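**Q** First to last, the sequence lines map onto chains A and B. Residues 1 to 819 in the numbering used here are what the first sequence lists, from first letter to last. Residues 1001 to 1344 in the numbering used here are what the second sequence lists, from first letter to last. What follows is a structure written as structure tokens; I'll ask about it next.
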Amino acid sequence: MKVPFKWLNEYVTLPWDAEETARRFTMAGLKVEDLYYDRLDISGVVTARILKVTPHPGRNDLKVGVLDAGGPKYCVVSGAPGFSEGNVTVLAVPGARLPGNVVIGTRDIAGTRSEGMVLSSNELLTGGSPRPREDIILLPSDTPLGKPAEDIFELDDWVIDLELTVNFSHCLSILGVAIEASALSGAPLRLPGILEKWQWASPRGSAEPEGMPKAKQKFAIELPDPDLCPRYVGKTVRGVTFRYSPVKVERRLWLSGMRPVNAVVDATNYVMLETGQPLHAFDEDRLRGRAIFARRSRPGEVIVTLDGEERSLPEGTLVIADEAGPVAIAGVMGGKETEVTEDTKNLLLESAYFSPLSVRLTSQKLKLRTEAALRFEKGVDPTAQAAVAERAAEMISALAGGEPYPGRAETNVLSPCPKVIRLRSKSVERTLGVAVSREECETILSGLRFGVEKSPDKTGSSEDSWCIVVPPRRVDISEEIDLVEEIARYYGYERFPERHLSKAIPGGPPGKDFVRVERLRDFLVSLGGLEAISNSLISPSDLAKLGWDEKDPRGNPVRLTNPLSSSESCLRTSLLPGLLKAVIANQRAKVPGALLWEIGNVFFRSSEELPLEVRELGIVSFGLQRPKTWLEDESLSSFFQMKGLVTAILELAGIEDVTFLPKASMPFHPGKSARIVAKGSTVGEVGELHPACESALEIIPPVSMAWLSLDALLGLSQEKKFTPISRFMPVERDLAVVVPEEVPAGEVLGAIKQTGKDLVSVTLFDIWRKPPVPEGFKSLAVRIVYQAFDRTLTEEEIAVDRQNIVRELERRFGAKQRV
Amino acid sequence: MDDRIRAVKEKALEQIERAQSLGELEAVRVRYLGRKGEIPLLLKTIGTLPPEERPSFGAEVNSLRERVEQALERKRQELERQVIEARVTEEKVDTSLPGQYFEPGALHPLTRALRDIIGIFYGMGFTVYESRETETDEMNFVKLNIAPGHPARDMQETFYLTESTLLRTHTSPGQVRGMLSMAGELPVRFVVPGRVYRRDPTDASHHPVFHQVEGLAVDTDVSFCDLRGVVMSFAKRFFGEETRIRLRPSYFPFTEPSCEVDVSCVLCKGKGCSVCGNSGWLEVAGAGMVHPNVIRNGGYDPERVTGFAFGFGLDRLAMLKYGIDDIRLFYSNDKRFLSQFRGF
Ligand SMILES: [Zn+2]
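So this is what it looks like as structure tokens:
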């Protein structure tokens, strides 16, 4: 909403300049999106009187005149009808500059020198040519001569461009903003023209003054769909002539972002900008029949709108129709057939209340965003239609001549019921934390034109309260808290003291899981992992590339009904697609390797209303993990790197008895992956990327990855408990056994741990497959650390234990001790 | 003194003095003091002496033993010192060679910023409540005073899953879910961090997935002044003491009165630049007193309790904090970006 500052000051004389006003507006909730000084870029344009006019020697459509610009005289050629002796007009002297960098010089017109040019409003304001039937500007004859146009017309102004939030629809008008400005500054509001008499914007709404003349109307107003149009006013103006608006009106329309059309249309737009009530002018003589209907459209109805487009109306669209058919799309745009033209004599002005939702849907469906629709869809003052119609008639009469015809054709099914809200000073204080004085509350609310009445204490309670009458234009106010907000805004947010919550901290520290997940993050960082955050919107093809089909829960994602693109059309079912995309992106950037991890939600279809959200940890490593240095060899991403990482995480989580069962599902390499099982359930998978996925993704191996269900990990993990430290010395013993190749090493280690007594750790430190170990066998060398809690272990005890272990390994795996 | 003793003594002391290494010295020790060494052997000859000479012979042998032991100890210390000196002068590394390679990991900058934020709010008595990402229309809109047809729905382009379910467009449904989880207990005070989704085409400042942090405090005596206190303290601590902060009236359907929290532009220090649209101010958060309907939807009585809520964009805060000019970097998972956030 663009607010020209001089226009605003016509209704309220502000004690501030535009900049200070903008600051005050911002701090009262009228957000200023932009503030700029708009000065018409002209020079050398002055007032001048036409002293003498003679016919042009060569052309009879032109005249030659001598103009007095307050001293200097100019000889100018013009064909304008107003170019006659005695008239005062506006002259662009040679060298003058008009908007659009148009420079006026001395020209030869059909053989006669013209020293400059007399201007029409359009030439002055836009630098363009005169419009059809546009005359030069004519000024009162007492206008001082030689005055620059800037001093005569309002050609420079500050514009405050407001970005209004949806609760500020009452400020979609200069007067609406003026009311706020008046409340902010205390300066009185001046209502223009007839609006004062109609009590426009008063707490109980506009009302017709006593003794207004009445007359029989040409049209009857029929409202068969009162849910969409409950109030319609038609006001007739007879005998208008075709004209363009004065410079001031045109300039203000330009500043407000609207294009001047002609005096009648401009007057309706001007009054809309002034009051917020959209208006439409029909050529009365082109309306057929004797009734105007605001009704739902019928199947197959079409209308050619003002912009020349033929539009077929979706059935049920609210239209304005005469007895022959639709003449306007209600609240959105008028029809071409009944529009005001150069020949229009008589007008029917429409001022109506349309259902905001209906206008919004229509304007959305037809993709027509007009200034009128913008206002109707936010909700206009439902009592102001007659008052604004009268104001517009007054304005048209002033700009385009003609006489308002007495009375109005109108139908109104809205019942007048003032909105009254009880406001308790207790509510103000408990919400705001400050006891705003009664006087201040009253000043603020009455300044904003609320009706403030002392509450008769019907309930007998001793509560200090008021009855507040809400002006009908304030569609945003419906309950007590809305009034508290008005008080807070005008009291000033900066005036509230800062207070600090004092009560004991509720509920203690962040949730246990939250803290544990944060520790997990730190641990992953300490292992060299970079935390990734991936888009949770993915493409179904991302899942297909990983070998998941529709039968797999991971291949059957939750889909969006209105995605922006197919590449972001469903919710991730795993963190791996995102992490693998990260690998590809990094490989494209020639990053030689990285360890990336992410903690986040994945989503699965569910029989419940909402999808299942599961928190997972995903890890991926690719390429070089440690570079070759002069000290050590390089190390690459591998199954065992990833398994080591996962093992450490499981240990960190305090989960014991984890088994890595061979062969995880897609997208893992079947021979180089494992399913991680703890307490009987799968908690994750670990392994290298399946070669098929490598080629589908165009990814460079080696790539290893793992996922773990965080919820399972947190669920299984155990609280940390201190175990006393043994006072007795540990004893180390090495043991080597030869077993058949197919025996999994993990089972041998497991058997040692199960069989041995007082074992602290069992570490596999070598695997040997060459002679003297026979082919098809391998030698496993382990270091066993013994330590008892209550005594020093004797050599005999250890020897017995070792024998037990060897015997058990022999029994289970056919193992032979290697000596 | 017995000649034999004198001879042993002179020989022993001389050999000790001549020893070149700890090994030689040990050999000397064994030769003289070992079980079959010369000094024990001398002592064994004591039986061949007349009884009256025995005591003095014994005493002399003992004094010889002490003397040799002392000499050995002195020599041992000397040799050890030489060994250490030799090692210190001979052993040397090229300290300019690179050390063992360690590559530290890094938290994502959004996580770093979030930790700072949660830390600040934790200090003010806020706990963390985590709410779901897929939501019902009811929770995301209706319970927050945004009925069907409400113009606020236009402001939030929503991804729908079905007619009645969607991806949350803000963390605000966490207010209602969090309150319901408290089951009427007071005071309510938590923040809700998390991912949110908007149907905005991606560009340098928009990403369909981004993050918000919501906060809520409800109690019998919570007012706009407390909101001001909490929000102002947060902004000061997060952006720095020198930051100017203002609360500007605004509109949200689920709070009333509502405000935007503006901080003086961190780039131009309030003078006006392209980042702040020449206003000198940056919008960093929305806040307000919780609307009575929302309090009611959370299972509390708005006549008995009041509350305030606030919410801000984590991505935007992190962009300002770290000077990142493109939101897409957060979701790029580019090592060259992520590894810049290593360290404390
Ligand atoms: Zn700036």
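Note that beta-carbon positions come from the ideal geometry of N, C-alpha and C, so glycine has one too. None of the values given here were measured: they were computed from a predicted structure.
Once DSSP output is grouped into helix, strand and coil, what is the label at Phe1190/B?
**A** Phe1190/B: strand per DSSP, three-state reduction.
**Q** So, helix, strand or coil for Ala674/A, using DSSP?
**A** strand
**Q** Closest to Asp824/A by C-alpha separation, out of Ile584/A, Leu714/A and Glu208/A, would be which residue?
**A** In this structure chain A extends from 1 to 819, so residue 824/A is not present and cannot be described.
**Q** Do the stretch 670 to 689 of chain A and the stretch 597 to 606 of chain A make contact, defined as three or more Cβ pairs closer than 8 Å?
**A** Taking a contact to require three or more Cβ pairs closer than 8 Å, the stretch 670 to 689 of chain A and the stretch 597 to 606 of chain A do not qualify as touching.
**Q** Comparing alpha-carbon positions, which option in Phe1239/B, Ala1183/B, Ala1285/B and Thr1134/B lies nearest Arg1198/B?
**A** Thr1134/B
**Q** Taking the alpha helix (DSSP H) that Asp513/A belongs to, which residues open and close that run?
**A** Here the alpha helix (DSSP H) through Asp513/A covers Lys512 to Ser526.
**Q** Does Met333/A pass the burial test, meaning 16 or more other C-beta atoms within 10 Å, or should it be called exposed?
**A** buried
**Q** Would you identify the three-state DSSP class for Lys581/A, choosing helix, strand or coil?
**A** helix
**Q** Closer than 8 Å by beta-carbon distance: list the chain B residues that pair up with Glu531/A, in chain order.
**A** Gly1105, Ala1106, Leu1107, His1108, Thr1111 and Leu1338
**Q** Check His1206/B in the structure and name its three-state DSSP category.
**A** In the three-state reduction of the DSSP assignment, His1206/B falls in the strand class, which pools E and B.
**Q** For a quick check, are the C-beta atoms of Lys864/A and Phe639/A less than 7 Å apart?
**A** Because residue 864/A is not part of the residues shown, which for chain A are 1 to 819, the question remains open.
**Q** Comparing the CB of Val1275/B with every heavy atom of ligand 1, is any distance shorter than 6 Å?
**A** yes
**Q** Considering only the beta carbon of each residue, do Val12/A and Ala201/A sit closer than 7 Å?
**A** no
**Q** Under 7 Å Cβ-Cβ, which residues of chain A neighbour Gly1229/B?
**A** Within chain A, the residues near Gly1229/B are Glu498, Arg499 and His500.
**Q** Using DSSP with H/G/I as helix, E/B as strand and the rest coil, what is Ala328/A?
**A** Assigned with DSSP and collapsed to three states, Ala328/A falls in strand.
**Q** Following the continuous beta strand (DSSP E) through Ile468/A, name the residue where it begins and the one where it ends.
**A** Ser465 to Val470
**Q** How would you call Arg1035/B, buried or exposed, if buried means at least 16 neighbouring beta carbons within 10 angstroms?
**A** exposed
**Q** Would you say Leu612/A touches ligand 1, meaning its beta carbon is less than 6 Å from a heavy atom?
**A** no
**Q** Using C-beta distances below 8 Å, list every residue in its chain close to Asp549/A, excluding the 5 sequence neighbours before and after it, in chain order.
**A** Gly555
**Q** Just to check, is the beta-carbon of Cys1268/B closer than 6 Å to a non-hydrogen atom of ligand 1?
**A** yes
**Q** Over what stretch of residues does the alpha helix (DSSP H) that includes Asp151/A continue unbroken?
**A** Ala149 to Ile152
**Q** Given that Glu568/A touches chain B, what residues does it touch there, using C-beta distances under 8 Å?
**A** Pro1208
**Q** What are the boundary residues of the beta strand (DSSP E) that includes Cys229/A?
**A** Where Cys229/A is concerned, there is no enclosing beta strand (DSSP E), given that its DSSP letter is neither H nor E.
**Q** Determine, for Gln1100/B, whether the minimum Cβ-Cβ distance to residues of chain A falls below 7 Å.
**A** yes
**Q** Alpha carbon to alpha carbon, how far is Pro611/A from Arg559/A?
**A** 10 Å
**Q** Between the C-alpha atoms of Leu1166/B and Pro1173/B, what's the straight-line distance to the nearest angstrom?
**A** 12 Å
**Q** How about Cys1265/B: is its Cβ closer than 6 Å to a heavy atom in ligand 1?
**A** yes
**Q** Would you call the stretch 737 to 752 of chain A in contact with the stretch 625 to 644 of chain A, where contact means no fewer than 3 C-beta pairs closer than 8 Å?
**A** no
**Q** Using C-beta distances below 7 Å, list every residue in its chain close to Lys628/A, excluding the 5 sequence neighbours before and after it, in chain order.
**A** Glu634
**Q** Unbroken alpha helix (DSSP H) runs of length 4 or more, entirely within the stretch 726 to 781 of chain A: which are they?
**A** The alpha helix (DSSP H) runs of length 4 or more contained entirely in the stretch 726 to 781 of chain A are, from start to end of the chain, 745 to 755.
**Q** Nearest CA to the CA of Ala1113/B: which residue from Gly1280/B, Phe1312/B, Lys1335/B and Phe1254/B?
**A** Distance check between Ala1113/B and each of Gly1280/B, Phe1312/B, Lys1335/B and Phe1254/B places Phe1312/B closest, using alpha-carbon atoms only.
**Q** Exposed or buried, Met729/A, counting other C-beta atoms within 10 Å across all chains shown (16 or more means buried)?
**A** exposed
**Q** Express the C-alpha separation of Phe777/A and Pro662/A in angstroms, rounding to a whole number.
**A** 20 Å
**Q** Classify Val1093/B as helix, strand or coil using the three-state DSSP reduction.
**A** coil
**Q** On the premise that Gln217/A lies in contact with Ala409/A, defined as a C-beta separation below 8 Å, what is that separation, rounded to the nearest angstrom?
**A** Ala409/A to Gln217/A, Cβ: 4 Å. Contact.
**Q** Between Leu1049/B and chain A, is there a C-beta pair that is closer than 7 Å?
**A** no
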